[in-house]
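Residue numbers (our numbering): 379 to 479.
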């Protein structure tokens, strides 16, 4: 499946709350290891960081890896309908993966 490599394109947001350098660095490391996943942008919010990534399934997998590595953290995965693909006749979703330590 070919995805757009436009800088504004994203399928998922990984939210890291509160701001923690270890968790943030590990998440960036996991994303950079994958060749077909890219980071659209990184935003520093008041209580943590938001990482916009191009693959929603891999974002959920990163959330599960963060929960396994940093014990005691909470993981919440939610999705929101944002469009419809007419060629494939399927709904398009954006996923928010929130990891709280």
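From the three backbone atoms N, C-alpha and C, an ideal C-beta is built for every residue, glycine too. This structure is a prediction, so every number in the text was calculated from the model and none was measured.
Reduced DSSP category for residue i - H, G, I as helix; E, B as strand; rest coil
i: residue 395; result: strand
i: residue 443; result: helix
i: residue 404; result: helix
i: residue 380; result: The predicted model places residue 380 with a pLDDT of 49, which falls under 50 and marks its position as unreliable; any figure quoted below should be read in that light. Residue 380 falls in the coil class under three-state DSSP.
i: residue 472; result: strand
Selected residue, minimal CA-CA separation from residue i, among the options
i: residue 417; options: 479, 451, 388, 448; result: 388
i: residue 413; options: 449, 461, 431, 468; result: 431
Inter-residue Cα distance where the pair is residue i and residue j
i: residue 380; j: residue 474; result: Low local confidence applies: a pLDDT of 49 at residue 380 is under 50, so the model's placement there is unreliable, with the coordinate-based value given in what follows. Rounded to whole angstroms, residue 380 to residue 474 spans 22 Å at the Cα level.
i: residue 446; j: residue 394; result: 15 Å
i: residue 466; j: residue 401; result: 36 Å
i: residue 441; j: residue 390; result: 11 Å
Counting pairs of Cβ atoms below 8 Å between the region 455 to 469 and the region 423 to 430, do you hit three or more? Judged by pairs of C-beta atoms under 8 Å, the region 455 to 469 does not touch the region 423 to 430, as fewer than three such pairs exist.
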